[in-house]
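Going line by line, the protein sequences match chains U and X. For the working numbering, add 919 to where a residue sits in the first sequence, where the first one is 1. For the working numbering, add 919 to where a residue sits in the second sequence, where the first one is 1. Glycine included, every Cβ here is placed at the ideal spot set by N, Cα and C.
There are 2 protein chains.
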Amino acid sequence: MRDVAVIGVGQTKFGRTDRTCIELFAEAAHQAMDDAGVSPKEIEGLWTGNCFGQNYEGIINIAPHLAWEIGAKTAPAFRLEGACTSATYAFILAWNAVASGLYDIVITGGTERALIAGTPYATRTFAMGDELYGSNTGSTFPGVFASASTMYSRKYGIPLEKLREMMAHVSIKNHAHGARNPKAQFYQKYGDLKVEDVINARPVAWPLTLLDCCPFTDGGAAAILCSADIARKYTDEPIYVLGVGAASGGSLFRHEDYTKAVSRVESSRRAFKMAGLSTDDIQVLMAHDCFTIAEILIYEQIGFFEWGKGAEAVAEGETDIGGKIPVNPDGGLMGKGHPVGATGVAQVYSLVRQLRGEEVKGNQVTPVPEIGMTDNLGGTFASLGHIILGRSKRRR
Amino acid sequence: MRDVAVIGVGQTKFGRTDRTCIELFAEAAHQAMDDAGVSPKEIEGLWTGNCFGQNYEGIINIAPHLAWEIGAKTAPAFRLEGACTSATYAFILAWNAVASGLYDIVITGGTERALIAGTPYATRTFAMGDELYGSNTGSTFPGVFASASTMYSRKYGIPLEKLREMMAHVSIKNHAHGARNPKAQFYQKYGDLKVEDVINARPVAWPLTLLDCCPFTDGGAAAILCSADIARKYTDEPIYVLGVGAASGGSLFRHEDYTKAVSRVESSRRAFKMAGLSTDDIQVLMAHDCFTIAEILIYEQIGFFEWGKGAEAVAEGETDIGGKIPVNPDGGLMGKGHPVGATGVAQVYSLVRQLRGEEVKGNQVTPVPEIGMTDNLGGTFASLGHIILGRSKRRR
């Protein structure tokens, strides 16, 4: 397969909106096409993530409408729905089409209005995803990650009070980044949280408080992918796709240990294998911090830190900008917001900006990173996806 | 890209069921794996179509649950939703993964429970697909195809009374085939309809009656794809993917003339181009006969018959078994049933059986066809997909 480059990215401002999913996608897509210097007629295919549109807006088969809305007309258009991994999976399949030579230039992205129906409906819809075994257990996302917190505490002998303080640092860090990001839902908000603010916030699912949880958000994101052979016709700074990985985890009951999701271990391993790289090569990570404990588990499941050492790592600043591995310098899901089916490509948007050195002051990792990674999770470890991007082509 | 073969297929009995989407997929998948002699552990990726599960069963992110249910465990799993084209699009992207060398053996398919919520809810959900421009027009699928009938009548100067008789032959033909197909929803039913039966059936949207319309159905279908290099390790009769095509048509208002959907013309042209073939090479066609008039339009839009000659063709038996181009010898959507998100691969199931000469007596095209095609439509000309399969590899 041939090398593939990201030559343009776009993202709407995240937060509540009255615009439709189609309009949100179109805004992000036109930003990405402008960024790439690509005209709509050059787009040969479209892959989008979208999770809730079918429920909230009653919109079936959104993809071909997006193609026409952005001017790509008869270009084949595919909707991927994999809960929060929707857009990462859209990106991976778009990459496959270009890497294989099927198309030269395509668009991928995601769009979501996750706020319009409110949390109770989203929770019901989302619940455990699987009606055969999961939906009737009464478990919810905050509940599962609350359990993961207590499991983590017991497993590694970290008193829960102490762990809650360590977890709070994920929230403090990501909200600080989000507060500096003009496209974040919480821009200029929650920028200087203290440990006590997080611990004493409104309880959601013990021991998680509201500030341990990411918000649902409306938003769109898009990226233009092309064959690396032609990338420099469009940009002086192509960002190359070095590796992608995906893995399925199935229903929650299949997971013996929430702290060690096999699906994330496998998915990240696959992306590293394709790229011929390891955690040592990654200089910035955009991770699925749906809850504070979730980000800590990511550090360990991908292998940036030893099992049981993730909480300590964040508390000691090792995942802050300037630390061993900066995580979510754009604010992550927690500070930037989480438009479910758009999040995967919104992570790519932020990662590309980091690798180009374009990020806003305070959020840019320095020196400008050469290689970065996105991590995305759908359901309770049901779907995992990873994308590794770099400023230079793959080593052979 | 390398050649890809279909080495196994499966399909559930179509019709009302109490089983879940996951169970329907699993049944079809195990049939396909048994047919191919492939074990679940050999499956490296899964692509499924599913349209309504998210609405009716509240199931988000079904794909990874399917992977675990069938024993493919951590294999990456993708859900495609493109209304009725869902499974065709799943097949096309699964083909792309194998053709590109990303994986050697994958499963694709679709699953749907379209009967559980009933027609009114399906109609609302489905409506025109697009909430930005389409959803509030009051138009429905039967309404759009009823309009296509009157447009066709006026455009080609065929009196409507005469056209209705010609259209009835689509229903008579496909129901006759469906009545012989043990896996059809209408097995042993409607096997000897007369023109008057169709014309005098309950009105749905003038001039369409109930027998001009396909039924919604519950069901699952699956196919195993592998690299052509290894296909003969599994089967003596690999069926090769010769070409695939897809195209977007966007919202209904973008179509000037319902009788000449540009999206189908483009999509089929792309599939023929990839295959290096033309309509003259196709010996059997599985087409999206959602309404009698829809099948007639397909003949013309793909190019099997001249514009305005499709109605005459079916009335004269040219699309029956033994005619110029047999269409829907499995019963089509009308006789076999239409499990929306599974239909695309259910068409592949029937086409593979035709090309292997395995179809039930009366429905098998003779001599056994060398090359056949599937045609699938999502929304009102919003998404089109075509797949060309053959008993021999692509010519170079």
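A contact between stretches requires three or more CB pairs, one per stretch, nearer than 8 Å, and the segment 1144-1157 of chain U fails this requirement with the segment 1093-1104 of chain U.
If you draw a 10 Å sphere on the C-beta of U/Asn1247, you find 16 or more other C-beta atoms in it, and that means buried.
Taking 8 Å as the threshold, the shortest C-beta distance from U/Asn974 to chain X falls below it. Residues of chain U whose Cβ lies closer than 9 Å to the Cβ of X/Phe1210 do not exist; the shortest such Cβ separation is about 18 Å. Between the segment 1163-1181 of chain X and the segment 951-964 of chain X there are fewer than three inter-stretch CB-CB distances shorter than 8 Å, so the stretches are not counted as touching. Taking a beta-carbon distance threshold of 8 Å, X/His984 counts as an interface residue toward chain U. In the assembly as shown, U/Trp1125 is an exposed residue. Its beta-carbon has fewer than 16 other beta-carbons within 10 Å. For X/Met1292, there are no C-beta contacts with chain U under 8 Å, since the nearest C-beta of that chain is about 17 Å from it. Under the 8 Å criterion on CB atoms, X/Tyr1008 is classed as interfacial with respect to chain U. Around the beta-carbon of U/Ser1197, fewer than 16 other beta-carbon atoms lie within 10 Å, marking it exposed. Here U/Gln1107 is exposed, its C-beta having fewer than 16 other C-beta atoms within 10 Å. In this structure, U/Ile1244 sits away from U/Ala1230, with a CB-CB distance that is not shorter than 8 Å.
Here DSSP, grouped into helix, strand and coil, assigns U/Glu963 to coil. Under the Cβ criterion of 8 Å, U/Ser1019 is counted among the residues facing chain X. The beta carbon of X/His1207 sits closer than 6 Å to the beta carbons of Asp1294, Asn1295, Leu1296 from its chain, once the five residues preceding and following it are set aside; these are given in chain order. Around the beta-carbon of U/Asp1176, fewer than 16 other beta-carbon atoms lie within 10 Å, marking it exposed.
Chain U places no beta carbon closer than 8 Å to that of X/Cys1133, leaving this residue out of the contacts. Counting the other Cβ atoms within 10 Å of the Cβ of U/Ser1311 gives fewer than 16, which makes it exposed. Take X/Ile978, set aside five residues on each side of it, and the residues of its chain with a beta-carbon closer than 6 Å to its own are Gly972, in chain order. At a cut-off of 8 Å between C-beta atoms, X/Ser1182 counts as an interface residue with respect to chain U.
Residue burial is scored here from C-beta neighbours: X/Glu1225 has fewer than 16 other C-beta atoms within 10 angstroms and is therefore classed as exposed. The beta-carbon of U/Gly1001 is placed less than 8 Å from the nearest beta-carbon of chain X. Exposed is the label assigned to U/Arg1121, since fewer than 16 other Cβ atoms lie within 10 Å of its Cβ. At a Cβ-Cβ threshold of 8 Å, U/Gly1001 and U/Ser1187 do not count as neighbours.
At a cut-off of 8 Å between beta-carbon atoms, U/Ile941 makes contact with chain X. Chain-ordered, the chain X residues with CB closer than 9 Å to the CB of U/Met920 read Ser1019, Gly1020, Leu1021. For X/Cys970, the closest Cβ of chain U is nearer than 8 Å. Counting along the chain, the unbroken beta strand (DSSP E) around U/Arg998 starts and ends at 996-999. When DSSP reads this structure, X/Gly1304 sits in a beta bridge with X/Ala1165, X/Asn1295. Taking a contact to require three or more Cβ pairs closer than 8 Å, the segment 930-948 of chain U and the segment 1132-1150 of chain U qualify as touching.
Distance from the CA of U/Gln1104 to the CA of X/Lys992, rounded to the nearest whole angstrom, comes to 36 Å. Judged by DSSP secondary structure, X/Gly1029 falls within the beta strand (DSSP E) whose first and last residues are 1024-1032. Boundaries for U/Met920: no alpha helix (DSSP H) harbours it, and the DSSP string shows neither H nor E there. Between X/Thr1056 and chain U, the shortest Cβ-Cβ separation is not below 8 Å.
The beta carbon of X/Glu961 is closer than 8 Å to those of Ile1024 in its chain, skipping five residues each way along the sequence. X/Ile1091 is the residue among X/Pro1101, X/Lys1152, X/Ile1091 whose C-alpha sits nearest the C-alpha of X/Leu1130.
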